[in-house]
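Chemist: Residue numbers for the sequence shown follow the working numbering, beginning at 290 and rising by one.
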Amino acid sequence: MVLSTPAAAGQAFRFMRQSDVRVQQTSPLIQVHNLEKTYRTSRGALTLFTGLELTVNPGELVAIVGQSGTGKSSLLHILGALDAPTAGTVHCASTNVAALNPREAAAFRNREIGYVWQFHYLLPEFSAIENVAMPLMARGIPRRQALDAASNWLKEVDLEDRSEHRPGELSGGEQQRVAFARALVGNPRLLLADEPTGDLDESTAGRVFDLLERLHVTHGLTSVLVTHNLDLAARCTRTLRLEGGRLHSFLPPVRPS
Ligand SMILES: Nc1ncnc2c1ncn2[C@@H]1O[C@H](COP(=O)(O)OP(=O)(O)OP(=O)(O)O)[C@@H](O)[C@H]1O
Ligand SMILES: [Mg+2]
């Protein structure tokens, strides 16, 4: 689905949120079954999840909320093949993630997953456009072609006039918009975002989220977003709360505007 204007994209997103997105898709993009994660530390075992279940369908923008330390980031790491589960199965973008060897996991991450973190992790010595082009160059795409694609993505996030700026010459909101462009330049099937607005003031966070909503629709993304911001969670298609090692349906309270 390609929608040309932000207004059309916003309208389509609202439609998706109101309707049941499950009827619009064929098979889940993420299917997690009986997941367990236990960290073994010098002071003993720390079990974060046992029997955790999660299904995410194409086109969903799922928010995960929960208290600090419940394991939200750990769960995203497992979904994105950055860490292995202790037990259980994780199917993500048609791949049995838990069965990947390190080389396969790196290729899977590069092709299928876009990540955005609370801190942008842009490389300080490279310009915005070079940072965005990086995942494509890592795939072996020629530099000129990668930079052209990066330039298009900087336009998508309304930063074409900042392409030669280094991260230190950008505002916090601009840095996160560059981070979204870098996450999406490789056309991933799944976007994983861990508190992407956690370091921004409320109004900048709202604008970065507007951008996420727009990109979500125009590029047919499927996303899992960890956030402590219940106002932003309320704008997602579905919210889950991580508590006691399991995910529970959760309806974030909507603040009167
Ligand atoms: N590599 C590790 N080894 C041992 N323990 C870990 C490791 N990574 C995380 N933990 C522990 O697991 C728990 C969950 O961590 P995680 O970062 O997933 O929480 P979170 O829900 O994302 O918290 P926050 O909202 O503060 O970001 C924490 O208590 C943390 O100390
Ligand atoms: Mg975290």
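Think of the CB as a built atom: it goes at the ideal place given N, C-alpha and C, for glycine as much as any other residue.
In chain order, what residues of the same chain have a beta carbon less than 6 Å from the beta carbon of residue 313, not counting five sequence neighbours either side?
Modeler: Low confidence applies here, because residue 313 scores a pLDDT of 47, under 50, leaving its location unreliable; read the following figure in that light. The answer is none, since no qualifying residue turns up.
Chemist: Relative to the C-alpha of residue 522, which residue among 534, 502 and 507 is closest?
Modeler: Cα-wise, what sits closest to residue 522 is 502.
Chemist: Less than 8 Å separating the beta-carbons of residue 377 and residue 321?
Modeler: Yes, Cβ-Cβ distance for residue 377 and residue 321 is below 8 Å.
Chemist: Considering only heavy atoms of ligand 2 and the C-beta of each residue, which residues fall inside 7 Å, strictly closer?
Modeler: In chain order, the qualifying residues are 361, 362, 483, 484 and 515.
Chemist: Tell me the DSSP bridge mates of residue 326?
Modeler: The partner list for residue 326 (beta bridge, DSSP) reads 338.
Chemist: State yes or no: is the C-beta of residue 382 within less than 8 Å of the C-beta of residue 527?
Modeler: Their beta carbons are not under 8 Å apart, which means residue 382 does not touch residue 527 by this criterion.
Chemist: Once DSSP output is grouped into helix, strand and coil, what is the label at residue 493?
Modeler: Helix at residue 493.
Chemist: Between the Cα of residue 375 and those of 354, 464 and 327, spot the shortest distance and give me the residue it belongs to.
Modeler: Checked all of 354, 464 and 327; the closest Cα to residue 375 is 327.
Chemist: In this structure, how does DSSP classify residue 461 when only helix, strand and coil are distinguished?
Modeler: Here residue 461 sits in helix by DSSP.
Chemist: Does the beta carbon of residue 489 fall short of 7 Å from some heavy atom of ligand 1?
Modeler: No.
Chemist: Less than 6 Å between C-beta atoms, sequence neighbours within five positions excluded: which residues of the same chain meet that for residue 514?
Modeler: These residues qualify, in order along the chain: 352 and 482.
Chemist: Enumerate in chain order the residues of its own chain whose CB-to-CB distance from residue 529 is below 8 Å, with the five nearest sequence positions on each side excluded.
Modeler: Excluding residues within five positions, the ones whose Cβ falls inside 8 Å are 343, 351, 352, 353, 354, 536, 537, 538 and 539.
Chemist: In the DSSP assignment, find the unbroken beta strand (DSSP E) run with residue 373 in it and report its ends.
Modeler: Premise fails: residue 373 is in no beta strand (DSSP E) and is neither H nor E.
Chemist: Return helix, strand or coil for residue 506, following the three-state DSSP convention.
Modeler: Reduced to three states, the DSSP call for residue 506 is helix.
Chemist: Measuring CB to CB, does residue 470 end up less than 8 Å from residue 442?
Modeler: Result yes, Cβ atoms of residue 470 and residue 442 sit closer than 8 Å.
Chemist: Quick check on residue 535: does DSSP put it in helix, strand or coil?
Modeler: In the structure shown, residue 535 sits in a strand (DSSP, three-state: E or B).
Chemist: Helix, strand or coil, according to DSSP, for residue 476 in the structure here?
Modeler: Coil at residue 476, not helix or strand.
Chemist: Please work out which residues of its chain come closer than 7 Å, Cβ to Cβ, to residue 533, disregarding the five sequence neighbours upstream and downstream, and give them in chain order.
Modeler: For residue 533, where only same-chain residues beyond five positions count, there are no Cβ hits under 7 Å.
Chemist: Between which residues of its own chain and residue 403 is the CB-CB distance below 6 Å, once the five residues before and five after are set aside?
Modeler: Excluding sequence neighbours, residue 403 sits near 472, 473, 477 and 480.
Chemist: Between residue 399 and residue 424, what straight-line distance do the alpha-carbon atoms span, to the nearest angstrom?
Modeler: Taking the straight line joining both Cα atoms gives about 7 Å.
Chemist: Determine the extent of the alpha helix (DSSP H) in which residue 387 is found, giving its start and end residues.
Modeler: Element bounds for residue 387: n/a, residue is neither H nor E.
Chemist: Starting from residue 425 and walking both ways along the alpha helix (DSSP H), at which residues does that stretch end?
Modeler: Unbroken alpha helix (DSSP H) run through residue 425: 417-427.
Chemist: Considering only residues of the same chain and omitting the five flanking positions on each side of residue 453, which have a CB-CB separation below 8 Å?
Modeler: Cβ neighbours of residue 453 beyond the five flanking positions: 416, 417 and 418.
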